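A.B. asks:
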Amino acid sequence: MTKQKVLQLLGLATRARMTISGEEMSVSEVRKGKAKLVIISEDASENTSKKLHDKCKSNGVELCVFGSRFELGHAIGKQERVVIAVTDSGFAKKLISLIEEINRGRADDQNSST
């Protein structure tokens with residue numbers, strides 16, 4: 001259920017014009033200091049993932065890995081998207097907390113199955 005909340009919130013942020021999608025545009029927003037959060041799909045290429053991890057780390061931008069390229073694209077009303085940058089700190093904070101909640105749930109599932 002929380003995954004659906006993340007996707008709905010991404011859609012809302014997009015309608016509020018608070019997201020940028022695509023690798024180059026997102027990197028540009030990170031460099032300018034406008035991106036508050038970068039979301040990369042779980043099926044992003046190794047190159048894309050490394051490039052964005054490095055850029056975000058050097059610019060102090062939070063980065064989360066979440067969903068498939070199809071889910072991310074669908075959430076913002078576009079074709080498949082591998083990278084989405086969120087430019088509003090309010091949306092970014094809420095998205096980070098929801099994604100961390102999902103990741104905690106996964107860690108709990110793994111711990112209980114071992």
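In terms of the UniProt record's numbering, the sequence shown opens at residue 1 and continues consecutively.
Beta carbons: idealized from backbone N, C-alpha and C, even for Gly.
Bear in mind the structure is a predicted one, so any value in this text is a computation, not a measurement.
1) Along the chain, where does the alpha helix (DSSP H) containing Ala75 start, and where does it finish?
2) Extract the residue ranges of the alpha helix (DSSP H) inside the UniProt domain "Ribosomal protein eL8/eL30/eS12/Gadd45" (5-95), only unbroken runs of 4 or more that lie entirely within it.
3) Measuring CB to CB, does Ala35 end up less than 8 Å from Thr2?
4) Hey, out of Arg106, Glu23, Ser49, Lys50, whose CA is closest to Ala85's CA?
5) Would you tell me roughly how many angstroms separate the C-alpha atoms of Glu80 and Thr14, rounded to the nearest one?
C.D. replies: Reading off the structure:
1) 69-75
2) 23-32, 46-59, 69-75
3) no
4) Glu23
5) 15 Å
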